[in-house]
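K.L.:
Attaching a single structure in structure tokens format; questions to follow.
Residue numbers (my numbering): 14 to 306.
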């Protein structure tokens, strides 16, 4: 049986819509109109003979067929971009300076580095990890080529590659309902998580105090597990010995956090395109596992 040939342009539009969650956001990323992106998805669905998205007036979600296609589409785009890079990029690219937020340490960083080593064995990697605010400062000082960091007021220009709900995290033994002032485990200013926690509690006029100040996200997780208090982090930071405090009248609903990539449009940053596809796919698998656990 002969299968239809998939067009790279259609697959790129499809993966962008899937990753951004809307035709409008995808249009901004690919630099086309919303109607043009929508037409590409329609053409791909007609080519495959099945719907890839469930569309309503308020939401857009992948169908089961769309979910199966997404992983394969990312791999095809990765191979396409690798083939093109061998012809159009200079052969003397030897260094990539990349900063990766602590949000990915230690869960995803080892696999990401292994992927980089396999794809770019001749490139010398200069890696900086740390808090997003420090990485953004290094990028602005021209000490980094690419940054993968948490979105805040200084990172609006980045492309969103991952979204995750923020949650209240406490030790397994923390009282499930307590009206006492909340003992907070926080990073020093500036820190997006710190601001979210304080604003949320202030919005319901609940008292709080800083029980422990830490200098890293892993330090925050360790302090919470040790019983110092409660913190706000992404849902993926929950591990054995910790639990999520569900929203209630004492615990306000928290916003989503977004991870962005900055600098991918530069010459050296093109090396990271396969890594970004690999990272988003890994994060997606981890999110599905967490929701089904």
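All C-beta atoms, glycine included, are put in the ideal place defined by N, C-alpha and C.
This one's a predicted model, so the numbers in the text were calculated from it and none came from an experiment.
Among the residues of its own chain, which have a CB less than 8 Å from the CB of residue 216, if the five just before and after it don't count?
P.N.:
265
K.L.:
Using the rule of at least 16 other Cβ atoms within 10 Å of the residue's Cβ for burial, across every protein chain shown, is residue 171 buried or exposed?
P.N.:
buried
K.L.:
Which residues does DSSP pair with residue 163 in a beta bridge?
P.N.:
272
K.L.:
Are residue 180 and residue 257 closer than 8 Å when you measure CB to CB?
P.N.:
A contact, by the Cβ cut-off of 8 Å.
K.L.:
Identify which residue in 74, 99, 37 has its Cα closest to the Cα of residue 47.
P.N.:
Among 74, 99, 37, the Cα nearest to that of residue 47 belongs to 37.
K.L.:
Going by Cα to Cα distance, which pick from 211, 290, 107, 200 is closest to residue 235?
P.N.:
For residue 235, the nearest C-alpha among the options comes from 200.
K.L.:
Look at the Cβ atom of residue 223, then the Cβ atom of residue 184, and state whether they are nearer than 8 Å.
P.N.:
Going by beta carbons, residue 223 and residue 184 fall outside the 8 Å limit.
K.L.:
Output the distance between the C-alpha atoms of residue 168 and residue 271, rounded to the nearest integer angstrom.
P.N.:
Note that residue 168 has pLDDT 45, beneath the 50 cutoff, so the model's placement of it is unreliable and the number below is only indicative. About 10 Å.
K.L.:
Roughly how many angstroms lie between the CA atoms of residue 66 and residue 188, to the nearest whole one?
P.N.:
42 Å
K.L.:
Should residue 287 and residue 241 be called a contact, given that it needs their Cβ atoms to be closer than 8 Å?
P.N.:
no
K.L.:
Label residue 107 either buried or exposed according to how many other C-beta atoms from any shown protein chain fall within 10 Å of its C-beta, with 16 as the threshold for buried.
P.N.:
exposed
K.L.:
Can you check whether the CB of residue 174 is closer than 8 Å to the CB of residue 83?
P.N.:
no
K.L.:
Starting from residue 50 and walking both ways along the alpha helix (DSSP H), at which residues does that stretch end?
P.N.:
Its alpha helix (DSSP H) spans residues 47-61.
K.L.:
With which residues is residue 222 paired in a DSSP beta bridge?
P.N.:
196
K.L.:
Determine contact between the region 15-24 and the region 84-101, defined as no fewer than three beta-carbon pairs at a distance below 8 Å.
P.N.:
yes
K.L.:
Take residue 129 as the anchor and find which of 95, 157, 146 has the nearest alpha-carbon.
P.N.:
95
K.L.:
For residue 300 and residue 249, what's the separation of their Cα atoms in angstroms?
P.N.:
Residue placement at residue 300 cannot be trusted, given a pLDDT of 47 that sits under 50; the coordinates are not used to answer.
K.L.:
Can you list, in chain order, the stretches of the beta strand (DSSP E) that have 3 or more residues and sit fully within the region 128-154?
P.N.:
137-143
K.L.:
So, is residue 115 buried or exposed, given that buried needs 16 or more other C-beta atoms within 10 angstroms?
P.N.:
Buried, because 16 or more other Cβ atoms sit within 10 Å of the Cβ of residue 115.
K.L.:
In this structure, does DSSP put residue 202 in helix, strand or coil?
P.N.:
coil
K.L.:
In chain order, what residues of the same chain have a beta carbon less than 6 Å from the beta carbon of residue 252, not counting five sequence neighbours either side?
P.N.:
Closer than 6 Å at the Cβ level, and outside the excluded window around residue 252, lies no residue.
K.L.:
Across which residues does DSSP place residue 184 in a beta bridge pair?
P.N.:
255
K.L.:
Hey, out of 19, 229, 210, whose CA is closest to residue 220's CA?
P.N.:
210
K.L.:
So is residue 70 buried or exposed if we call it buried at 16+ other beta carbons inside 10 Å?
P.N.:
So residue 70 ends up on the exposed side.
K.L.:
Are there 16 or more other CB atoms within 10 angstroms of the CB of residue 139, so buried, or fewer, so exposed?
P.N.:
It is exposed - the Cβ of residue 139 has fewer than 16 other Cβ atoms within 10 Å.
K.L.:
Under 8 Å Cβ to Cβ from residue 204, same chain only, skipping five residues before and after it: list those, please.
P.N.:
144, 146
K.L.:
Looking at the unbroken beta strand (DSSP E) that takes in residue 70, where does it start and where does it end?
P.N.:
From DSSP, residue 70 is part of no beta strand (DSSP E); its letter is neither H nor E.
K.L.:
What separation, rounded to the nearest whole angstrom, lies between the Cα atoms of residue 206 and residue 73?
P.N.:
28 Å
K.L.:
Write down the C-beta distance between residue 75 and residue 112 rounded to the nearest angstrom, noting that I regard them as a contact closer than 8 Å.
P.N.:
In fact, because the Cβ distance is near 31 Å, the residues do not count as touching under 8 Å.
K.L.:
Indicate the three-state DSSP secondary structure (helix, strand or coil) for residue 244 in the structure shown.
P.N.:
In this structure, residue 244 counts as strand in the three-state DSSP scheme.
K.L.:
Which stretch, first to last residue, makes up the alpha helix (DSSP H) that contains residue 90?
P.N.:
77-101
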